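Notes follow the structure.
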Amino acid sequence: MAEEKKKHKKRRTATEAAASIGPMVKEFISGTLRAKEEGRKVAFTFIVCLYDEILRAMDILPVWTENFAGICGAKRDAERFLERSESLGLSRSLCTYALCGIGFDQWREELGEMPPDAPWGGQVRPDMMLSSGQILCDPRNKWYQASQLYMPDVPVYNIDLPYPLYEDDVEFTDVRDYYVKHIIEELRGLVAFLEKQTGTKMDYDRLSETVDLGERTWNLIWETYDLRRAVPTPMGTGDAMNTMVPMCFMMGTQEAYDFFLGLNKELKEKVARKEGVVEDEKYRLLWGGGLPSWFALSDFNYFNSKGAVFPAETTYRMIESMYQIYMPDTNDPIERLAWRWFGYWVFWHNKARKRPGSHPDVEWLIQYIEDYKIDGIVMHEAFSCRTWHLGLIWQLNQLAKIYKPIPVLVLGKDGKKEKTNRELPSLVLESDIIDITTYSEVDTRNRIDAFIETLESVAKSKVH
Amino acid sequence: MTKVVIMGEEIMSSVIGPTGPEQRRLANNVMKEALNRAGLPFKSISYVVATGYGRINVPFADKQITEITCHARGVASFFPDARTIIDIGGQDSKGIKINNGRPIDFVMNDKCAAGSGRFLEIIADTLGIKIEEMGELALQSKNPAVISNICTIFAEQEVVDKLAEGIPLKNLVAGILESLANRVSRMVKRLKIEREVILTGGVAKNAGMVQALSDKLGYPVSVPPEPLLTGAVGATLLGKEIAQKAKERDESPERKERSLKEIEIL
Ligand code: SF4
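Top to bottom, those sequences are chains A and B. Read in order, the letters of the first sequence are residues 17 to 480 in our numbering. Read in order, the letters of the second sequence are residues 10 to 275 in our numbering.
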């Protein structure tokens, strides 16, 4: 393990903004440790729960437990915490973020101080844990209940954040009001719980300002990422795995807004100078799903070394343009949050309904393939996260069935060449988010090499 | 296995040598053997392409190309109408969709021994039979045993238990081949199989396996004359093409420094 850690060098990013993320996360972690010492309230929580602004408006510092596990993974130092969870009786096939977090917390509680050499100072003891019931992600419900075994005095508050699943013959508008009403009630329940924990009332003017800032940040991110459509693309998915930090962990803060202002400026300058991620851009790929292997982000650089870039990804694209999300006329910030949540999750439903055999996730891929001039799709099946990974192969199969953008000549039955259309080539990588024992660099890169050659031969077979 | 094919107008010599941790360094020996058989000095070889997992361990290669591209090319030289290749090797298995001898999509299993030829080697060992005998034995069975474990280690135990229960050897072997065919066909079906389907790799020499796979896929499966060599033949053809193209431009192909020494692996 020590060897592994030593060998792991800092990864090269295409943008300066992405390079600035490491110190930002480090400061983020130390900030939670400082806040705790200063007596500020600290809450464990999950990303994409859309109540970030509520916490910010109440001066509660969120500790994103998925993020800390990801840091352990990126530093190739998760194994000891995973093993600890296993010895507590938890199965290794559970979400490895949860296993890492529970293992760490149990160890910290047992020692009464941070475990030795805790990554970036360690994960702070929380004042409360906020979980949320969401489709498929069982850790969002169960992780903190398990952690509570080792911190029985820390309260857990669970809210329900549902969204309707897609059915091609059912209009979501039929159930929309019911869903939104329910989410509003859940968010109000959360506010009441937080008021009790902090002993202060929510300042709704401040919440309105924070939600407003959040919405402006959504639009800014959307516009900024859209700049990546340029050929050559100025930023790839490798960098987006860094820039997801202000998007997913700092929503509703001026810092996040300013970060994306900076990135926007940097990308515009790069586009004007025609400065791409690689000098000679040959293949434009879509990261079409799956959380990355945090310990192997340098695989993105490996793709780059072959002239392949990722102008877009569906992973951690947890925003849409607010101009395209239905928002009724309301000034109530809680209501706005609930409508934003609902609008985000049904965003692709209407588009999918228009294409027979499609599905929102597939429609999302098609839109990006067209917008970003994509030549091939890469997905990552991380075995331990069912939430993001269930259905990826189905999506690829379905996409291949309904969308064939590549014109090629094939040998017909009579021996003559016939023109037909083919699906985009795709590559599925298999490993995990932080469990390094599932990863083989040689095998992964062998697959990447073969995929690049496939792209090359598809490009050659293409008829113009 | 390390394979070498030397080609002029046609194949001049071919050698299949062992791989393994030690032999990995010794691609040079297999090359020497192939040169001996062809009666050629090393300097007469105009271009060398290395392929397979060990391709980075061949210091005298001018170019490295993955086995996906090489298999596509090699198989198409035997079967011009081939559209789907299934390769079951000792360490992995893969499915390749091809068009005009070029790969257009592929899937790979490099994670699990139960989907590779290694599975058969281990079970043959457990049953005390030679791997070459498996095919014939399986074809005699009318009632293949059901092997329910998908992990090699547990399947091995299951086979031992079933043998003790008195299940005939031929049924057990047929069950094992079916289990492998099952795993491989599930993986390859992701490619939407099109005819003609070609099976390569050591396992293709096993007639029982060819039958089991064909039954599972619902398509006839063809096997090239030397199923272990198709990748190497493809590499040679691709190398030849590079050399010829350079010649047409009156240039010599870009080549690496040549040395037939064994390599050092840390
Ligand atoms: S299961 Fe997936 S989405 Fe849920 S906490 Fe784990 S990694 Fe995150």
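Virtual Cβ for every residue (Gly too), placed ideally from N, Cα, C. All of these numbers come straight from a predicted model, not from anything done at the bench.
> Would a C-beta distance cut-off of 8 Å place F326(A) and L302(A) closer than the cut-off?
Replying inline: yes
> Any idea if A173(B) is buried or exposed, counting beta-carbon neighbours within 10 angstroms, 16 or more meaning buried?
Replying inline: exposed
> Is W136(A) near I87(A), with beta carbons less than 8 Å apart?
Replying inline: yes
> Given a limit of 7 Å on CB to CB distance, which residues of the segment 105-120 of chain B reach chain A?
Replying inline: N108, N109, R111, P112, I113, D114, F115, M117, D119, K120
>> For G83(B), would you say it is in contact with chain A, using Cβ-to-Cβ distances shorter than 8 Å as the test?
In response: no
> Between the segment 71-97 of chain B and chain A, which residues of the former have a C-beta closer than 9 Å to a C-beta of the latter?
Replying inline: Q73, I74, T75, E76, I77, T78, A81, P89, D90, R92
> Would the beta-carbon of I77(B) fall within 8 Å of that of E469(A)?
Replying inline: yes
>> What does the alpha-carbon distance come out to for the pair K179(B) and C160(B)?
In response: 21 Å
>> At a threshold of 7 Å, does E82(A) count as lining the ligand SF4 (C-beta to nearest heavy atom)?
In response: yes
> Relative to chain A, which residues along the segment 198-209 of chain B have a C-beta separation below 8 Å, given in chain order?
Replying inline: R199, K201
> In whole angstroms, what is the alpha-carbon distance linking M218(B) and E187(B)?
Replying inline: 8 Å
>> For E386(A) and K420(A), what's the separation of their Cα atoms in angstroms?
In response: 12 Å
> Does DSSP put M218(B) in a helix, a strand or coil?
Replying inline: helix
> Within 8 Å (strictly less), CB to CB, does Y56(B) reach chain A?
Replying inline: no
> Under 8 Å Cβ-Cβ, which residues of chain A neighbour Y62(B)?
Replying inline: V458, N462
> Is Y113(A) near the ligand SF4, with its Cβ less than 7 Å from a heavy atom?
Replying inline: yes
> By how many angstroms is the C-alpha of Y455(A) removed from the C-alpha of G175(B)?
Replying inline: 41 Å
>> K201(B) and A416(A) - do their beta-carbons sit closer together than 8 Å?
In response: yes
>> Between L406(A) and the ligand SF4, is there a pair consisting of the residue's CB and a ligand heavy atom that are separated by less than 7 Å?
In response: no
>> Using only the alpha-carbon positions, how far apart do P168(A) and W80(A) sit?
In response: 20 Å
> Are any of the Cβ atoms in chain B nearer than 8 Å to that of L427(A)?
Replying inline: yes
>> the ligand SF4 and T403(A): does any heavy atom of the ligand fall closer than 7 Å to the residue's C-beta?
In response: yes
> Nearest chain B C-beta to N465(A) closer than 8 Å, yes or no?
Replying inline: Here residue 465(A) turns out to be Asp, not Asn, going by the sequence shown. Closer than 8 Å: yes.
>> Considering just the uninterrupted stretch of the alpha helix (DSSP H) at V294(A), what are its terminal residues?
In response: Here V294(A) belongs to no alpha helix (DSSP H), and DSSP marks it neither H nor E.
>> With a threshold of 8 Å between beta-carbons, can G441(A) be considered close to chain B, or not?
In response: Per the sequence presented here, residue 441(A) reads as Pro, with Gly not at that position. So, interface residue.
> If you count every other CB in all the chains shown that lies within 10 Å of the CB of R27(A), and 16 or more means buried, which is it?
Replying inline: buried
> What residues from chain B crowd round N413(A), counting only those whose CB sits closer than 9 Å?
Replying inline: R199, K201
>> Quick check: is the beta carbon of S477(A) nearer than 8 Å to any beta carbon in chain E?
In response: Of the protein chains in the structure, A and B, none is chain E.
> Quick one: does I274(B) have its CB under 8 Å from some CB of chain A?
Replying inline: At I274(B) the pLDDT is 47, less than 50, meaning the model places this residue with poor confidence; the figure from the coordinates comes in the next sentence. Judged by the 8 Å Cβ criterion, I274(B) is not in contact with chain A.
> Based on Cα-Cα distance, which residue from I95(B), I65(B), H80(B) lies nearest to N191(B)?
Replying inline: I95(B)
>> Going by C-alpha to C-alpha distance, which of A328(A), Y339(A), M338(A) sits closest to M251(A)?
In response: A328(A)
> Are the beta-carbon atoms belonging to E446(A) and E397(A) less than 8 Å from one another?
Replying inline: yes
> If you pair each beta-carbon of the segment 336-351 of chain A with each one of the segment 224-238 of chain A, do three or more pairs fall below 8 Å?
Replying inline: yes
> So does L146(A) have its beta carbon nearer than 7 Å to some heavy atom of the ligand SF4?
Replying inline: no
> Between M40(B) and S102(B), which are expected to be in contact by the criterion C-beta below 8 Å, what is the C-beta distance as a whole number of angstroms?
Replying inline: Contact flag wrong, Cβ pair sits at about 27 Å.
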